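Structure record follows, encoded as structure tokens.
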Amino acid sequence: MTKHLSLLVLFVYAICLGQVTFQPQANYFGTPNPIAVTLSGNGTIYYTTDGSDPTASSPSGVNAVSLTVTQTTLIKAKLNSSSTIYSRTYYIGSLPTYPIYFKPPAAFTTACGYPVSNEPVIAVDYFWPGIQMNAACDGWYKSQSVFVSGTVSFNDCNPIYQFSQHTPAIFTDATVFYDYSAGPVTNPPACLLATTEVQQKVISVKVFPNPVQEILQIDSEIRFLRCEILDASGKLVGRKIIQDHQVSVAALPAGVYFLKMISADSQVHYIQFIKK
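Put into structure tokens, the structure is as follows:
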């Protein structure tokens with residue numbers, strides 16, 4: 078038992094030694110002040126601040142690197158000759174935002190969106206029921222994102238969670254149209270598309286069968302190359318290459334998932350599906 082425990086400790090220790098860590102952990106700062114960032118690792122740390130992947134010719138430091146960040150910056154780093162790249166974006170000032178749309182059922186008299194940020198990492202999220210949304214058109218409500226990526230649970234603004242009507246937590250990192258009854262919508266009403274904030278044409282994307290047992294078929298005029306599968310909380314559970322408009326989901330446990338599909342020109346579409 079002691080031998081096994083020692084081996085486990087050594088294994089965890091080896092993993093920790095082979096990583097690059099970033100400090101501070103929080104990576105959003107609303108005030109435009111310089112931020113001191115430290116990269117730590119066991120060996121030579123190669124890094125970049127222009128979004129490119131670090132190489133042996135990149136700037137480097139031994140065991141630790143100190144940087145001063147004055148604007149939103151993506152830092153990438155690797156340790157020694159490892160091919161593993163670690164990255165973190167530090168956001169300074171205003172975050173990029175995008176509109177979020179929700180169509181509640183007729184019984185709702187108002188609508189709220191409860192946001193939880195995945196990116197950036199922030200100390201405090203909102204309290205339930207979240208942000209009250211504004212009426213848009215044709216029964217839809219609208220608000221702006223408060224994160225780069227995260228989840229939103231749409232609800233009836235009841236301050237007591239147990240008594241509220243709400244959707245699952247919907248992962249989003251771009252404009253989303255969500256209907257309480259139908260789920261994600263890819264053909265929203267023209268009155269929403271006419272707003273200056275919604276720039277891109279929304280193209281019909283369908284998946285079938287849904288619920289699905291093994292193979293999910295994708296029907297769209299867009300050619301999607303790859304996808305990510307997210308669980309109902311927005312957690313990434315897998316990445317796959319899309320071949321012949323198909324994705325195998327046979328290995329997934331039963332439940333509700335989101336398929337994040339990415340095209341050759343980086344268009345992103347989300348579809349909810351149920352795994353039987």
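Per this note's numbering, the very first residue in the sequence shown carries number 78; after that it's consecutive. From the three backbone atoms N, C-alpha and C, an ideal C-beta is built for every residue, glycine too. Remember, predicted model here, so these are calculated numbers, not experimental data.
### Message
Can you give me the C-alpha to C-alpha distance between ALA246 and VAL229, rounded to a whole angstrom?
### Response
So the two alpha carbons sit approximately 5 angstroms from each other.
### Bridge partner(s) assigned by DSSP for ASN211
DSSP output for ASN211 lists LYS219 as bridge partner(s).
### C-beta contact flag for VAL345 and LYS337 at 8 angstroms
Contact: yes.
### Query
Can you check whether the CB of LYS317 is closer than 8 angstroms to the CB of ARG303?
yes
### Message
My output table needs one value for CYS234: the three-state DSSP class, helix, strand or coil.
### Response
coil
### Query
Does DSSP classify PHE240 as helix, strand or coil?
Secondary structure at PHE240: helix, using DSSP grouped into helix, strand and coil.
### Task
For THR145, count neighbouring Cβ atoms within 10 angstroms of its own Cβ and tell me buried if that reaches 16, exposed if not.
exposed
### Task
Compute the Euclidean distance between the alpha carbons of ILE162 and SER241, then round it to the nearest angstrom.
43 angstroms
### Proximity below 8 angstroms, CB of TRP217 to CB of LYS180
yes
### Query
Can you name, in chain order, every residue of its own chain whose Cβ lies under 6 angstroms from the Cβ of TYR347, other than the five neighbours on each side?
PRO261, PHE335, LYS337
### Message
Would SER117 and ALA141 be called neighbours here (beta carbons separated by less than 8 angstroms)?
### Response
yes
### Query
Are the beta-carbon atoms of SER325 and GLU291 separated by less than 8 angstroms?
yes
### Helix, strand or coil at LEU269 [DSSP, three-state]
helix
### Message
With the cut-off set at 8 angstroms, would you say SER220 and ASP250 are in Cβ contact?
### Response
no
### Query
Do ALA154 and ILE122 have their CB atoms nearer than 8 angstroms?
yes
### Cβ shell of PRO173 (< 7 angstroms), same chain only, five flanking positions each side left out
VAL225
#### Entry: Local conformation of GLY95 per DSSP, three classes
Three-state result, GLY95: coil.
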